[in-house]
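Structure, as structure tokens:
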Ligand SMILES: [Zn+2]
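Residue numbers (my numbering): 11 to 119.
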């Protein structure tokens with residue numbers, strides 16, 4: 011099952027270690043795209059030049075995680091800048107456990 015943006019219906023881009031896990035093919039006018047773009051710019055300033063920092067998970071991130079079928083409640087986003095051009099995000103629940111973004115087992119052939 012392919013996940014879709016809850017606001018514009020855009021499909022999630024194929025998961026890949028080099029691609030942010032919350033990338034969707036949004037319509038240009040999608041409000042979640044605008045929020046994600048703004049967050050991406052803010053995160054680029056937040057963690058510079060490399061390293062990682064925690065911050066509160068945004069409502070947009072929570073909505074996109076829910077679209078992926080994630081039932082845990084995200085609380086903290088870990089922003090990791092691997093290099094000047096690559097930023098990754100991971101998510102913790104309210105007690106600090108990592109939230110897995112692995113594909114659902116039903117996608118297996
Ligand atoms: Zn969208």
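Cβ coordinates follow ideal geometry from the N, Cα and C atoms, glycine included.
- Collapsing the DSSP output to three states places residue 31 in coil.
- Taking a cut-off of 5 angstroms from the heavy atoms of ligand 1, the residues with a C-beta inside it are 15, 17, 18, 20, 36, 40, 42.
- Under the criterion of beta carbons closer than 8 angstroms, residue 58 and residue 91 qualify as touching, at roughly 7 angstroms.
- The beta carbon of residue 41 is closer than 8 angstroms to those of 17 in its chain, skipping five residues each way along the sequence.
- Residues 23 of the same chain have their beta carbon placed closer than 6 angstroms to that of residue 33, with the five preceding and five following residues left out of the count.
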